[in-house]
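Asks: Numbering (mature numbering (1 follows the signal peptide of the UniProt record, and there is no 0)), first residue to last: -21 to -1, 1 to 938.
Glycine included, C-beta positions come from ideal geometry on N, C-alpha and C.
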């Protein structure tokens, strides 16, 4: 404990400063400093007596003494003058006193005491609280001997504290004597405080201690000059002894300042710098840089030297490379091989690379040249080359070209001057034509077929003729010069090549064509004659034939379903006895036929298991088993089994199939078919980019078929979402989870479902009229189907991204609609927008949606991704793409793309900076382990975006 005892040897005028400095106390009353009477109140008058005396060092002091030990029943009180507590909540009293040993007093009565009592009285000068006791104080030593004609005093010092004080601005002390022979030599009243201090580069002001000796008072700190916060909040705790403890948070010196003696941040002198906040010291400027001011955070590069975008402030400044040297060319018809030597000066950098610029010239004048066509091929590339050679092909024959080879490094774009380059002029030779790209069969008979093809992309002169090479698919080859007819019903492999004065080009790729059999030829001839005759009578037959052909071509798209009105859904809650609905719509299964294997999830009412079902006399099948946990209420059991009563009414390939229930033993179970690939949203996220668009459309078609069936039965799902679609091993999608009615009544902690008008609604998937008025219809299910379509095409991305549910509601009200996912065909996004019509009557019906998807499947060309017809730009669209504006490292970039799993692969393969990442190719991604096509596409799209940003920010290239 920090105390401040009365000094034994120091003179009085030196006492107070030393005490305050060492003990962190503030004195509010000290009788030793009094030079006049203290004026305390004594009661009764013959009790305590104020006298002048001497202390043990013979200093004059004002004391109070009492010694009525020869009289019985003593009760003498002494009340101090008013003491201002100065906002202190706990007060300490130090008392120096002497007590006469009762045994040393002759003829004393039995009432002699060697103790006294201490009290205090809170007051604000106008009114007082009741007097409160502090303690009974006993002497450690009493005096009884007399030496050299005087008393040998033995002085006692005791310290007591009391609090909390809060009911007045000050207080009085009271001393009670009950029959002692004693003297109060001195009384000092003080409180404790923690001193102002600098800790962790933060200043903490002087702080009073708390009301209790165990109290901790929080003091907020502020950073010292030229320091900044590191961790917040910044605070210390002042304990009851006036000591600082438990530091929280800290500051550190700003960039440009270094710590000095732990409590000062000193500016870096000229010629030095400190680039970041922290405990580091100022450093000398790197090579080829300087700082001419104090507190520099970066040393500026000298003229002709630069610092690259990814260079650290601690790195030396560097310069641009000189031009490449000694270029050599080897021309081979329309290809050229260029080789060169590295520049003499690399600019003190190790990121040297080369760019090759190609210009096609019409004359010897440079201004008559123009950039080469995009069809010209550079191997390994034309930018960021690390090797000193490049092979250029697909040039034009007999044409002059100029190639400029630039040497660049990480600071080339910082220089105001063009990159140093080396030029070479070459002229290509004559060359044979390029390959014929493709052939088409125009017609065929039993003995011949007609073919057509486009000319080569690069004829390299006038095409003189074509040579056809063909052979039977299973025999040796023929040439076109072999006479004789082709055989009926036979396949022939055909190739073609073009010839110019330079000779023949390469053969095209092998393509297979067939002649008709004699019967096919006769049949086709007859059909043609019939069609010609029929068209004169009427065109209806042709349309019918086309329709029939489509159905026969796509048998999987014409599965049977119930006709409208044949079967209507019956709500199980309309039954007086819910068990009756279960008995009517769900099959009771003997629990001995059910084998539970493993937990695969948890539902609202209990665990979900994978298991096996072995009905009597039938083959064992895998099943999913939902169980009802123990301790359920009757209402919970009713709600649990209601889903089985609903599912049991459905029989359609795209609706989850109910196998049966177990209700006559525990646990109660609902048993459904097992879907190996689980929920659609998580399945798509795990297989991002793995499926062709037509396969995704097929999955959407299955979902629409299931919803068409439900709509025809007058059943409204109300919670159609990808999480409630299950996928089996054959990628068949089935609608599941028919329990949203529970969510609309019961509370749930699932954030997907938000309260609206007393119920729980999945806002992101729900139509606006259902949110606002609880108007759930098949049309609101169509809205949800549009969201499911968006989920499928975005491979399980969360609709509306990180927007809050309220923001989603407001955005839809303002006519915002989700944009098309990456590479989404226009027709599919238009289907989504049709499903999201504000007027529910304007939305398509599920039979219409199935028909639209069938047309897309029959015409795959309509599913080619193109320019999407997006609505006008809305600021909310920006939430769908990763924010690359604040990305400063490869780790940040991967985090923005949500692909941090590839961090080690990128860094371990040398892609340690964003400029290097912008040069990445699909082959690089395959090499470092990014094998998923969707992930490759997402990364390459982001890389392309960063390249465009870099091009927009960099100066125009000078050629």
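In chain order, what residues of the same chain lie with their CB nearer than 6 Å to the CB of residue 856, ignoring the 5 residues before and after it?
Replies: Summary for residue 856: the model assigns pLDDT 48, below 50, so the residue's position carries little reliability; its value from the coordinates is reported in the next sentence. In chain order, 798 place their CB closer than 6 Å to the CB of residue 856, counting only its own chain and leaving out the 5 sequence neighbours on each side.
Asks: List the DSSP bridge partners of residue 446.
Replies: Per DSSP, 476.
Asks: Less than 8 Å between the CB atoms is what I'm expecting for residue 747 and residue 791, so what's the real figure, rounded?
Replies: 6 Å
Asks: Anyone know if the C-beta pair for residue 356 and residue 415 falls short of 8 Å?
Replies: no
Asks: From residue 419 to residue 666, what distance separates their C-alpha atoms?
Replies: 37 Å
Asks: Among the residues of its own chain, which have a CB less than 6 Å from the CB of residue 133, if the five just before and after it don't count?
Replies: 120 and 122
Asks: Would you tell me roughly how many angstroms separate the C-alpha atoms of residue 285 and residue 253, rounded to the nearest one?
Replies: Going by the C-alpha atoms only, they are around 19 Å apart.
Asks: Taking a contact to mean a Cβ-Cβ separation below 8 Å, would you say residue 589 touches residue 662 in this structure?
Replies: no
Asks: Can you check whether the CB of residue 473 is closer than 8 Å to the CB of residue 449?
Replies: yes
Asks: Just verifying my parser: in three-state terms, what is the DSSP assignment at residue 470?
Replies: strand
Asks: So that I know if they touch, is there some Cβ in chain B lying closer than 8 Å to that of residue 190?
Replies: Looking at the structure shown, chain B is missing, and only one protein chain is on hand.
Asks: Between the C-alpha atoms of residue 427 and residue 494, what's the straight-line distance to the nearest angstrom?
Replies: 6 Å
Asks: Between which residues of its own chain and residue 677 is the CB-CB distance below 7 Å, once the five residues before and five after are set aside?
Replies: 836
Asks: Would you say the segment 158 to 174 touches the segment 65 to 80, given that touching needs at least three Cβ pairs under 8 Å?
Replies: For the pair of segments examined, the segment 158 to 174 was found to touch the segment 65 to 80: the number of CB pairs separated by less than 8 Å reaches three.
Asks: Along the beta strand (DSSP E) that carries residue 686, what are the first and last residues, could you check?
Replies: It is not in any beta strand (DSSP E) - residue 686 instead sits in the alpha helix (DSSP H) that spans 672 to 691.
Asks: Please work out which residues of its chain come closer than 8 Å, Cβ to Cβ, to residue 869, disregarding the five sequence neighbours upstream and downstream, and give them in chain order.
Replies: 882, 885, 886, 890, 891, 892, 893 and 896
Asks: For residue 224, which residues from the same chain have a beta carbon less than 6 Å from its beta carbon, with the 5 sequence-adjacent residues on both sides left out?
Replies: 216 and 218
Asks: Just checking, does the segment 370 to 390 make contact with the segment 402 to 416 on the three C-beta pairs under 8 Å criterion?
Replies: yes
Asks: Can you tell which of 50, 323 and 405 has its C-alpha closest to the C-alpha of residue 307?
Replies: 405
Asks: What do you get for residue 270, buried or exposed, if any count of 16 or more other CB atoms within 10 angstroms of its CB means buried?
Replies: Buried, by the Cβ-count rule.
Asks: Check each candidate in 698, 803 and 770 and name the one with the smallest Cα separation from residue 758.
Replies: 698
Asks: Secondary structure at residue 619, three-state DSSP: helix, strand or coil?
Replies: Note: residue 619 maps to helix in three-state DSSP.
Asks: Please identify the residue among 245, 69 and 591 whose C-alpha is closest to the C-alpha of residue 172.
Replies: 69
Asks: Apart from the five residues just before and just after residue 143, which ones in its own chain have a Cβ nearer than 6 Å to its Cβ?
Replies: 68 and 190
Asks: Less than 8 Å between the C-beta atoms of residue 150 and residue 102, yes or no?
Replies: yes
Asks: Give the single residue among 293, 282 and 560 whose Cα lies nearest to the Cα of residue 259.
Replies: 293
Asks: Kindly indicate which residue of 257, 701, 840 and 234 has the alpha-carbon position closest to the one of residue 247.
Replies: Residue 234 is the option with its Cα nearest to residue 247.
Asks: Buried or exposed, going by whether 16 or more other CB atoms sit within 10 Å of the CB of residue 443?
Replies: exposed
Asks: Quick one: Cα of residue 682 to Cα of residue 634, how far?
Replies: 8 Å
Asks: Just to check my reading of the structure: residue 181 and residue 244 have Cβ atoms closer than 8 Å, yes? What is that Cβ distance to the nearest angstrom?
Replies: Incorrect: roughly 11 Å between the Cβ atoms, too far for contact.
Asks: Would you call the segment 687 to 694 in contact with the segment 820 to 834, where contact means no fewer than 3 C-beta pairs closer than 8 Å?
Replies: The answer is yes - the segment 820 to 834 touches the segment 687 to 694, with three or more Cβ pairs under 8 Å.
Asks: How is residue 460 classed by DSSP in three states: helix, strand or coil?
Replies: Low confidence applies here, because residue 460 scores a pLDDT of 38, under 50, leaving its location unreliable; read the following figure in that light. DSSP, read as helix, strand or coil, puts residue 460 in coil.
Asks: State the DSSP-derived secondary structure class of residue 224, mapped to helix, strand or coil.
Replies: In the structure shown, residue 224 sits in a strand (DSSP, three-state: E or B).
Asks: Can you check the segment 803 to 847 for any alpha helix (DSSP H) of at least 4 residues that lies completely inside it and give the ranges in chain order?
Replies: 805 to 814 and 825 to 837
Asks: Could you tell me the distance, in whole angstroms, from the CA atom of residue 872 to the CA atom of residue 298?
Replies: Residue 872 and residue 298 have their C-alpha atoms roughly 28 Å apart.
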